[in-house]
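Just so you know, the protein sequences line up as chains A and B, in that order.
So in the numbering used here, spot 421 of the first sequence is number 438, and the numbers just go up one at a time.
So in the numbering used here, spot 103 of the second sequence is number 120, and the numbers just go up one at a time.
First up is the structure itself, then whatever we jot down about it.
Number of protein chains: 2
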Amino acid sequence: MLLDKLFLLVPFGSLFALFFALYLFVTVSRQEPGNARMQEISAAIRVGAVAYLKRQYKGVALFFVVMFIILLLMAAAGNVSIYVPFAFLTGGLFSGLSGFFGMMTATKANARTANAAMKSLNAGLRVAFNSGAVMGLVVVGLGLLDLSIWFTLLRYVWHQPLDVVTSTMLNFGMGASSMALFARVGGGIFTKAADVGADLVGKVEVGIPEDDPRNPAVIADNVGDNVGDVAGMGADLYESYVGSIVATSALAMAAFPQRLWMAAVMVPLIMAVIGVLASIIGTFFVRSGEKAEQKVLLAALRRGIFSSAILIAIFSYFVVRFTLGPANIGVYIAVLAGLGAGVLIGLLTEYYTSSTYKPTRSVADAAPTGPATVIIGGLSVGMLSTFLPVVIVCVAILVSYFAAGGGDFARGLYGIAIAAVGMLSTLGITLATDAYGPVADNAGGIAEMAELPDHVRERTDALDALGNTTAATGKGFAIGSAALTALALIAAFTEKVDGVLAKQAVELGYNYTNLTHTLNLTDPSVLVGLLVGAMLPFLFCSMTMRAVGRAAQSIVFEVRRQFREIVGLMEGKAKPDYARCVDICTRGAQKEMVLPALSAIIAPIAVGLLAGIKAVAGLLGGATASGFVLAVMMANAGGSWDNAKKYIEEGNYGGKGSDAHKAAVVGDTVGDPFKDTSGPSLNILIKLTSMVSVVFAVFILKNALIK
Amino acid sequence: MLLDKLFLLVPFGSLFALFFALYLFVTVSRQEPGNARMQEISAAIRVGAVAYLKRQYKGVALFFVVMFIILLLMAAAGNVSIYVPFAFLTGGLFSGLSGFFGMMTATKANARTANAAMKSLNAGLRVAFNSGAVMGLVVVGLGLLDLSIWFTLLRYVWHQPLDVVTSTMLNFGMGASSMALFARVGGGIFTKAADVGADLVGKVEVGIPEDDPRNPAVIADNVGDNVGDVAGMGADLYESYVGSIVATSALAMAAFPQRLWMAAVMVPLIMAVIGVLASIIGTFFVRSGEKAEQKVLLAALRRGIFSSAILIAIFSYFVVRFTLGPANIGVYIAVLAGLGAGVLIGLLTEYYTSSTYKPTRSVADAAPTGPATVIIGGLSVGMLSTFLPVVIVCVAILVSYFAAGGGDFARGLYGIAIAAVGMLSTLGITLATDAYGPVADNAGGIAEMAELPDHVRERTDALDALGNTTAATGKGFAIGSAALTALALIAAFTEKVDGVLAKQAVELGYNYTNLTHTLNLTDPSVLVGLLVGAMLPFLFCSMTMRAVGRAAQSIVFEVRRQFREIVGLMEGKAKPDYARCVDICTRGAQKEMVLPALSAIIAPIAVGLLAGIKAVAGLLGGATASGFVLAVMMANAGGSWDNAKKYIEEGNYGGKGSDAHKAAVVGDTVGDPFKDTSGPSLNILIKLTSMVSVVFAVFILKNALIK
């Protein structure tokens, strides 16, 4: 039928995105790689980054093998379908690949960006942005590819009913989330350990400038930008993107009459395709003049994002209109609600974290009275900044629920899910504006180390500073969509449990058949789950922050050792042992990432077995609510401290070297794990716990202590 | 009937507590007030403290008048019973009185404690502890008095049915909570503004020791201990104590068959009476030798608490056995669960905040690498410390629910509520061990200012250091019981709404009659409420922390001004203007306390009107969960920073004046608003929002946009 023909758009869109990414990759590679020194540094960074990913994938592979076997056993026991273990693997594989390709491009582009910046600011922007766009398009391209493959196999080769198709696709979301969490946490620990370690000894103790080639941790620091902010973020947003789509289609059956099932499953997929095209078109709007002003550059990126957002807003109307029919045009309102909420959250993030506005200024104002007031100021800005995003998401929830559902419960939930898809439909380009930041950051480092003329560093700094804002915006998108997706997953969870219970209530010893009507907020199991769920993000952040602390400490000792033992290092006569620091960060990150990541998988299962299936639902609700708030708070506090420091470095309150600056540096150091390790991992934590709950629902039902 | 005769125990217990408090007050007053200088200082502190409370009560009185009128109008509109406005007033009045009496005793005892400490450590301990015991007994005495008066009037004078009696008593909980929130927030802002202000200029800038009479803010600092840690805490725990009792009796009707109603209402009241007697007996066990070791002193206080806990554990068995009958002996298990959970949380708090254990040591270990690592370390300790308390409370919830209810929903909820009563039944003595801390703190300050021999300061320091631990424990109790009480209040809320809906569903335009069956966790209104609720504590903490920052800043400027303008101040030739600093703190606290306090009252009403009654239930769930976790995190992080600093001051990592010490001081300063302003206010915030929701439930039902 027509819709099945329409499905062909999805693989087509996927390949189009990947080919355009390839084209951009080639154009980036064609750029001049710069002089020998620059190439040498860039190579060193690439080697370190690849070495890290190799090690990480080895460790993660082990985890995937174990999970794969567990899922096989569960499939054998009839707890999950036989497709689940394999779907789980592919999800992890593609999520990892997204990060890998993005990182390979970034490590190729850094020296080329520095080199292009010698010509002009715009040239530098183009190279950095194009490499970012490669990442953005690879993520959406691979996401659609994975979806296409499974959809084709399940529906057209194995002729499975649609609900089996969607529930299976939901399971590679779990694979993607697992990989994303490892990548985010591991990469986040690496990059911040290197960053903090390099600064504490280099800047503070020895007193050499940032990115000084004499600093043994300088390469590790630049490697960190790639493995954390590029590879980690790529896996993260791949997971968000795919997760929102599969969560939506998983709700399609319950939401619509059978004749509309296929249409309801297609809508998120086709909207994603439109997002791809809109993003590609948007990239052509990103141009800049020679004025190295934040405003000008930001406007350049904004043009790209807004133009694609508008295109999506227009075309998705027709998608909904012609698939679900005019009767369900409310679904389009839901899409707009998500799209709008995403843009608003992005702008708010900028308001709270950019030094051009009051909140971050207030943090800088506190600097003259010392580090304590800076910390208190940043924390309260972060806490304050949770208010409006929560309100916006809540409005988006209510609007999309009532617009799409018109009072119908299941259809309303579908509306909430599709809102998340709408929010992420611009991912191709938003991710481009986000992933280009670390490239510019690296370029700056290379310019410094290769002793390029000052105006080059100025230009790369201008690009980098902007990168901070766009990175914060990207985090806003990730967490905002996570809240909506998580809600959809909670719905998918209860729906699945209901389905099972309806069939097997008796044999499982449950005295009710419909969970969604007994998921009472005053039920003690739900309350217990709620409390544990609210605590989980705090526990997770505690673990990741300690991990950064420990890893950073080992770097501090190593850097001190090298300055002590390598004669002539300070004079620049001898070379530091860069590889050693990279290796220490790698080992540290690998060791430290295991416990936090596993906790996300173990928590819902443990709670379910001890306090019953209702407690799991409570846990998901609690973790989503407190995780969302905590993530926004940490991301914005961190961004605010970072930019407050930069604001002072621009010469305010005595500028660099003043006591106010020292105080601001303390804030920035505290903010590093906030905004680049703990905070951005929370959105994955939320979704992974939900995914795990869905997959293990039947297992928990069968073995829970409290029925 | 028998139970009505049994009720006579309540006023009797109340008066007994009050008379014993009076007796202790007299014994304290009989002590030598010390030399002229000491009396002069003590008088200055008392004058400042009274001046503050006068000002505060004026401001709060205005709020109470307004609320009284609003409630009168609501009563006229038939939204609440006519008793509600008056119950609201008395709750506030008694809550305020608890703080006032406690503070008058504390300000009398401070100089006397210093003086007694000249004789012996034990003498000092006795005076300080007795004054604390006055506070503890006044709180429980007034609580039972308020309950007795209303119970007598409603049941025996106006012959109201029991459900009217309990629902009315629930409403003076709201009055108590409002007063408590103002007292906690106002007092917390005052004490930390003075503390931070005095330290930042005195210690850091000018370099004079703590409590140096030349510091213009030194009196304000000592006043702060009294208005914040004594008056504020008194009002706070009065609210917790009364709240847990009225919440339990409000659930009695639904939980039991009519013949047991009176019994179910009596149980929490009589248990409170037993708690009074047990506490009084416990006070006699508090003695100490001459060894100024923390362990010895702590053991002395422990003896008191544990002995009364054991007495309660024994006698409450008979209470339950003979009121509710052997069939409901499970209620006794619930009491034990609460009692045990309270003790465990207390011990855990000590583990995480005392420098004798690993967590706080780890914070101190981070000091040599600077303030940033201290902050990160303290935050992660605080976050980590939320895990076990949550688990303990969850276990207590499940045990008390299933033990008391045996599967019956309403009776299980009653069990959860009675667990909170069990946890707080030792309040008389736990509060004594808690309130004595600030007295010892003041005594130390007076010893310093009056230049008493060093061994006096050593003894008061020993008492004070212990005070930090007991204070942390007290906060653990307050927040632990708050979680349980809040759950009971949520149940009371839904129950009330159900009752109303059952009657008026049609006319109110609701398409369902039983909320407890539609409070579905996947309902968008509930989810929206959950998100807003989870955000509320963060917003609240942001406001209170900023308030402390602003107030502290104005003190900093004033102290600097006095050092600049008053000639001969540094040389000790001229006297600083103490009153001016007290006045600035007072005005600052009064101005700043309004917004946070009001937000707790406005939030549930606003959310209810915009997103419906279900969103209110969600909000209460979200606020309870995230508020509980955040409160534990802030209290323990703050305590850990404080003791890490003290640990370094004992000579570790270079001791006083070292860079490590400077770093630890930053942590301590950040921790001040954490543990003494924002954190301890959260438990009141949670309960006040619940109380407000109960009182305004009908109003919200009638006027909500989303039905």
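C-beta: ideal position from N, C-alpha, C; glycine also.
- Message: Rounded to whole angstroms, what is the Cα-Cα separation between residue 242 of chain A and residue 710 of chain A?
- Response: 33 Å
- Query: Any contact of the segment 493-507 of chain A with the segment 639-647 of chain A, i.e. 3+ C-beta pairs under 8 Å?
  - Reply: yes
- Exposed or buried, residue 24 of chain A, counting other C-beta atoms within 10 Å across all chains shown (16 or more means buried)? buried
- Query: Who are the Cβ neighbours of residue 583 of chain A in its own chain at under 7 Å, not counting the five residues just before and after it?
  - Reply: 591 and 593
- Item | Residues of the segment 392-420 of chain A with Cβ closer than 7 Å to any Cβ of chain B, in chain order | 392, 393, 394, 396, 397, 400, 401, 403, 404, 407, 410, 411, 414, 415 and 418
- Select from A:212, A:603, A:99 and A:259 the residue whose C-alpha is nearest the C-alpha of residue 705 of chain A. A:259
- Task: List in chain order: all unbroken alpha helix (DSSP H) runs of 4+ residues lying wholly within the segment 631-706 of chain B.
- Result: 676-690
- Is residue 680 of chain A near residue 391 of chain A, with beta carbons less than 8 Å apart? yes
- Query: Which term fits residue 453 of chain A, buried or exposed, when burial requires 16 or more other beta carbons within 10 angstroms of its beta carbon?
  - Reply: buried
- Task: Quick one: grab the DSSP three-state call for residue 537 of chain A.
- Result: strand
- Message: Please confirm whether residue 541 of chain B has its beta-carbon closer than 8 Å to some beta-carbon of chain A.
- Response: yes
- Item | Residues, ordered as in the chain, of the segment 680-691 of chain A that lie near chain B by beta-carbon distance below 7 Å | 683, 686, 687 and 690
- Near residue 627 of chain A, which residues of its chain fall below 7 Å by C-beta distance, leaving aside the five closest residues on each side in sequence? 722
- Query: Can you name the start and end residues of the alpha helix (DSSP H) that residue 754 of chain A belongs to?
  - Reply: No answer is possible for residue 754 of chain A: the residues shown for chain A start at 18 and end at 724.
- Query: Enumerated in chain order, which unbroken segments of the alpha helix (DSSP H) with a length of 4 residues or greater are wholly contained in the segment 212-254 of chain A?
  - Reply: 235-241
- Query: Just reading off the alpha helix (DSSP H) that residue 20 of chain B is part of, what are its end residues?
  - Reply: 19-24
- Would you please verify whether the beta carbon of residue 261 of chain A is less than 8 Å from any beta carbon of chain B? no
- Exposure label - residue 331 of chain A; buried when at least 16 CB within 10 Å: exposed
- Item | Residue burial classification, residue 46 of chain A (beta-carbon count within 10 angstroms, cutoff 16) | exposed
- Nearest-angstrom Cβ-Cβ length linking residue 618 of chain A and residue 256 of chain A, presumed shorter than 8 Å: 14 Å between Cβ atoms; not a contact.
- Item | N- and C-terminal bounds of the alpha helix (DSSP H) containing residue 302 of chain B | No alpha helix (DSSP H) contains residue 302 of chain B, which DSSP labels as neither H nor E.
- Item | Assumed close pair residue 317 of chain A, residue 304 of chain A - CB separation to whole angstroms, cut-off 8 Å | 6 Å
- Check each candidate in A:558, A:540, A:278 and A:676 and name the one with the smallest Cα separation from residue 179 of chain A. A:278
- Provide the residue span of the alpha helix (DSSP H) that contains residue 601 of chain A, from first to last. 595-628
- Using a cut-off of 9 Å between C-beta atoms, extract the partners of residue 470 of chain B located in chain A. Simply none; closest approach about 34 Å.
- Task: Go ahead and pull the three-state DSSP assignment for residue 270 of chain A.
- Result: helix
- Helix, strand or coil at residue 472 of chain B [DSSP, three-state]: helix
- Where residue 373 of chain B falls, given that 16 or more other Cβ within 10 Å makes a residue buried: exposed
- Cβ neighbour criterion (16 or more within 10 Å) applied to residue 720 of chain B: exposed
- Residue-level contact to chain B via CB, residue 335 of chain A, 8 Å cutoff: no
- So with Cβ pairs under 8 Å, would you call residue 736 of chain A a contact of chain B? Only positions 18 to 724 of chain A appear in this structure, which leaves residue 736 of chain A out of reach.
- If you measure beta-carbon to beta-carbon, which residues of the segment 78-107 of chain A are closer than 7 Å to chain B? none
- Item | Beta-carbon gap between residue 163 of chain A and residue 111 of chain A smaller than 8 Å | yes
- Task: Could you tell me the boundaries of the alpha helix (DSSP H) in which residue 367 of chain B lies?
- Result: 347-370
- Task: Establish whether the CB of residue 698 of chain B and some CB of chain A are separated by less than 8 Å.
- Result: no
- Query: Which full runs of the alpha helix (DSSP H) of 4+ residues lie inside the segment 384-472 of chain A, going along the chain?
  - Reply: 388-401, 404-422, 426-441 and 444-466
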